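One structure is given here, and the rest of the page talks about it.
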Amino acid sequence: MMLLPKTLGWQMEYDGWNPEQQQHREALCTLGNGRFATRGAFEGASAGDTHYPGSYMAGGFNRATSVVSGRNVENEDLVNLPNWLCLNFKPADGDWLDFDQVEWLEYKQVLDIRHGTLTYRLWFRDPAGRETRLTSQRLVHMGDSHLAALHWRFEPLNWSGKLVIRSGIDGGVENLGVARYRQLETKHLEVLEARESATDSVTLRSMTNQSRLDMAHAARTRVYRGGELASGVERQLVEENGFIGHDIELECQQGEILEVEKIVSFYSGRDRAICEPALDAEWAVQRVEGFQKLLECQLQAWERYWHWWDIELEADTNGVLEQQLVLRLHIFHLLQTTSLHTIDLDVGVPARGLHGEAYRGHIFWDELFILPLLNLHMPEITRSLLMYRYRRLPEARWGARELGLRGAMYPWQSGSNGREESQFLHLNPKSGRWLPDTTYKQRHVNAAIVHNTWRYYEVTGDSEFLGFAGAEMILSIAQFWSSLAQFNPTKQRYEICGVVGPDEFHTRYPDREEAGLDNNAYTNVMAVWCLLTAQQALDALSPTLRSDLLEYLGIDEAELQRWDDISRKMFVPFHDDGIISQYEGYEQLEELDWAGYRERYGDIHRLDRILEAEGEDVNRYKASKQADVLMLFYLFSAEKLEELFNRLGYNFAPEMIRRNIEYYEARTSHGSTLSNIVHSWVLARSDRQRSWDLFDNALMSDVADVQGGTTKEGIHLGAMAGTVDLVLRGYTGLELRDGVLWLNPLLPDGLKQTQHKVHYRGHWLTILVNHTRLVVSLEEGLCPPITIGYRDKLYTLEQGQSLELSYYE
């Protein structure tokens, strides 16, 4: 049974030592700053079944080849960096602290979300009867993104004697954080040099063994007694198996408090404005005043972020206080993965953050759930993440060309250079079999990139970005959709065949060997939307930019006419009086005995694995892993969908939305943490209680580890961002259309009031919504007035003004 942490205002507190939960806690207690992040393992812990002290750098990838089922398989992984946490102690005649070998008298692990610190409060008795109190505080600096630090407050309670403290950096680490990957190559690092750089400092240089990424860590460790540097300290250099550090020996007295301070710097060859990674790392640790000064700056840095990012919830019951804290936890982890330090790093957003090795640190379509939130707070981060895609446009063009198509086809999984990083085999842990993986056929990732690009432009009005990068991506993807769509003379419509939709359970027809499905509704409708958006992008460009871009991409009037034709004649399958078929032929699949499978297995989130282990095939059944058709209702308003379907010549009535939601909700296992986000969003206006329940499920996905052991491998960043966005946009009905910021609030019954800030067209707005009124306040500034839309009325808001509207639901 999963024991949830206590929630204390802005803090999450874990009480009691529980080795089975420790890696889950470590993922949730990760500290980072957008450049690198370190999991919340205790300093003295070694990687194993109980602990996993991983550190990861944004964009820090390496490729390796393994032999699987008799064939070579190449994978690119986000590399586990040298472990800078290494800090442990022992009495001279005793053993190093081992959590499993001591008697715990007190154990607390506290994550301070507001200030970005992790604290361990420990009181234990070793096998020799010695009792010790140890308080450890840690930070990964949000102000100076190259720094991290540890501080110990050490007190021997019933013993005196010689104490040995070992502090250093371990370069002998491997990628071992995901059990099912351990059959593959796990070693990605080479230690180039390990040296003592000062009497109290060591330096370790390392390099990834394929991508040749040059990295350097430097660590300075000092011991204080009574606030002064301790005297009588002896140091001995320790070098072994990639580890470099010091054994620090000194006398300690019963009841006397010693303080240990470890300052660490991390630089790499990817950094800008540096001389050489090792030199800069050494200079950095010698210049730092000390832990306390770093802590003060850390608090200031996080306070600035929270001023703009915090979302305040109010409710009649105390239960929402836990939801408030978890919502802040999700914002916290988003900012630790993508902060202002991420800008100009040329990185994407890993689906599992910088918190673990699941999905190998790859970038998927999850950014579809992340970038809208960044748009409305720090759009400059969104711009940098979109530039990651733009720089990989040549590789996307090559991907399309390899299939005989025009334009750009982005990969389902992206890493360092933008090639397809999806594995072609995956392990089913329930059956132990390696199986073909064809989920790379999810071409809808291209639509997600267009959606993210256009939504960024709508929020910011950044015509410069649209002109030099955004429009080129949008038009290149439009070329791809136009090339992929083929006219079927029998249907007298265009169709897209051989793809996989967001569902992922269904990758082929039961009676076909080849992978891929025909006319996935979500893919087809999104292709149409992309083609129409490409025309909007062209209209937004100056005549010179427009003609230059069309000439550069080889797009003539005949091609533009084809786009228009496809946007009017794309095939969308329907069945059962208004149900949008997930794909053509979906209605012919068998119904699944959902009740029977739940009774037999309990947790059926990963129904595909259960069925495969039984010798069955999920492709035979009407069973989805996550929202597929319903993604249309998540991304677009009813008005926009009606416009799209009417353009295609299909009848679309608002009541169809509810019928489709009910149909697919009954056939979805929610095997992805993103699924509850979408289902909650689309139910927000028709079934508020169900929407709130699903929101709560999504909110607790990682805290409660609802997928049974996946969170320890890395948090689910899309789901985290999605819950925040659900409150920020979903429940307030915030939508951007034609230069107007529309609001149509409808809070769930369990939520009394919400208040938050958004950044729109250069302004900071504060939006307060409850069940009787809507208040929008515009801060003082130099930006032009903005237009607010509410219930078919438009209001102009100038700097320093507020708009208050009363309403009753």
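The sequence shown begins at 619 in the working numbering and counts up one residue at a time.
Don't be surprised by glycine CBs; every beta carbon is placed ideally from N, CA and C.
Keep in mind that this is a model prediction, so the values were computed, not measured.
Classify residue i as buried or exposed, calling it buried when 16 or more other Cβ atoms lie within 10 Å of its own Cβ.
i               : result
methionine 619  : Note that methionine 619 scores a pLDDT of 40, beneath 50, so its modelled location is shaky; the value from the coordinates is reported in the next line. It counts as exposed.
glycine 795     : buried
tryptophan 920  : buried
arginine 1130   : exposed
asparagine 1315 : buried
glycine 627     : exposed
leucine 1431    : Past the edges of the chain, shown from 619 to 1427, lies residue 1431, and the structure says nothing about it.
lysine 1240     : buried
glycine 1326    : exposed
glutamine 984   : Sequence inspection shows aspartate at residue 984; the glutamine mentioned does not correspond to that position. The residue in question, aspartate 984, is buried, as its Cβ has 16 or more Cβ neighbours within 10 Å.
alanine 1339    : buried
cysteine 893    : exposed
glycine 979     : buried
glutamate 1422  : exposed
leucine 1003    : buried
valine 685      : exposed
tryptophan 770  : buried
threonine 1390  : exposed
isoleucine 1290 : At residue 1290 the sequence reads serine, which differs from the isoleucine that was named. Serine 1290 is buried by the Cβ-count criterion.
glycine 634     : exposed
serine 1424     : exposed
glutamate 1283  : buried
asparagine 993  : buried
If you follow the alpha helix (DSSP H) that residue i is in, where does it begin and where does it stop?
i               : result
lysine 1187     : 1175 to 1187
threonine 1071  : 1063 to 1078
serine 1293     : 1291 to 1301
tryptophan 1360 : Counting along the chain, tryptophan 1360 falls outside any alpha helix (DSSP H), though it belongs to the beta strand (DSSP E) covering 1358 to 1360.
histidine 864   : Note, histidine 864: premise wrong, no alpha helix (DSSP H); beta strand (DSSP E) at 861 to 870.
alanine 1322    : Run containing alanine 1322: none; DSSP gives neither H nor E here.
threonine 1341  : 1335 to 1343
What distance in whole Å lies between the Cβ atoms of residue j and residue i, which are believed to be in contact at a cut-off of 8 Å?
i            : j                  : result
arginine 732 : tryptophan 924     : 6 Å
leucine 1292 : glutamine 1244     : 6 Å
leucine 1335 : threonine 955      : 6 Å
alanine 1018 : phenylalanine 1098 : 5 Å
leucine 781  : proline 709        : 6 Å
valine 791   : leucine 807        : 7 Å
proline 1366 : arginine 1306      : 5 Å
Where DSSP assigns a beta bridge to residue i, which residues make up the other side?
i              : result
threonine 737  : Val728 and Gln755
serine 1420    : Ser1395
proline 700    : Note: proline 700 sits in no beta bridge, so no partner.
histidine 1044 : Leu1053
serine 883     : Leu765 and Ala836
serine 824     : Val809 and Met833
arginine 1164  : None, per the DSSP bridge assignment.
proline 1387   : Here residue 1387 turns out to be valine, not proline, going by the sequence shown. DSSP, once it has assigned bridges, lists Thr1372 and Leu1392 as partnering valine 1387.
serine 785     : Leu705 and His864
Just curious, the beta strand (DSSP E) that residue i is in, first and last residue?
i                  : result
serine 1395        : 1391 to 1396
asparagine 993     : Per DSSP, asparagine 993 belongs to no beta strand (DSSP E); it is in the alpha helix (DSSP H), 985 to 993.
lysine 1411        : 1411 to 1415
valine 1190        : Where valine 1190 is concerned, there is no enclosing beta strand (DSSP E), given that its DSSP letter is neither H nor E.
threonine 1000     : It is not in any beta strand (DSSP E) - threonine 1000 instead sits in the alpha helix (DSSP H) that spans 997 to 1009.
threonine 1428     : Because the chain spans 619 through 1427 in this model, residue 1428 falls outside it and cannot be assessed.
glutamate 852      : 852 to 858
isoleucine 929     : 929 to 932
phenylalanine 1313 : From DSSP, phenylalanine 1313 is part of no beta strand (DSSP E) but of the alpha helix (DSSP H) over 1306 to 1317.
Query raised in the report: Does the count of Cβ pairs from the segment 698 to 709 and the segment 670 to 684 closer than 8 Å reach three?
Result: yes
Query raised in the report: Is the segment 1351 to 1359 close to the segment 1393 to 1410, with three or more CB pairs under 8 Å?
Result: yes
Query raised in the report: Do the segment 647 to 661 and the segment 713 to 732 touch if we need at least three Cβ pairs shorter than 8 Å?
Result: yes
Report task. Check whether the segment 1246 to 1257 touches the segment 1271 to 1290, taking contact to mean three or more Cβ pairs, one atom from each stretch, closer than 8 Å. Result -> yes
Query raised in the report: So, do the segment 766 to 779 and the segment 869 to 885 have three or more beta carbon pairs nearer to each other than 8 Å?
Result: yes
Report task. Check whether the segment 1316 to 1328 touches the segment 778 to 789, taking contact to mean three or more Cβ pairs, one atom from each stretch, closer than 8 Å. Result -> no
Query raised in the report: Would you call the segment 1020 to 1036 and the segment 1077 to 1097 in contact, with 3 or more CB pairs under 8 Å?
Result: yes
Report task. Could you tell me whether the segment 743 to 750 touches the segment 839 to 850, using the rule of 3 or more Cβ pairs below 8 Å? Result -> no
Report task. Evaluate contact between the segment 794 to 809 and the segment 882 to 891, counting only Cβ atoms and requiring at least three cross-stretch pairs below 8 Å. Result -> no
Query raised in the report: Hey, is the segment 752 to 772 in contact with the segment 848 to 861, meaning 3+ C-beta pairs nearer than 8 Å?
Result: no
Report task. Answer yes if the segment 1115 to 1132 comes into contact with the segment 1172 to 1183, meaning at least three C-beta pairs across the two stretches below 8 Å, and no otherwise. Result -> no
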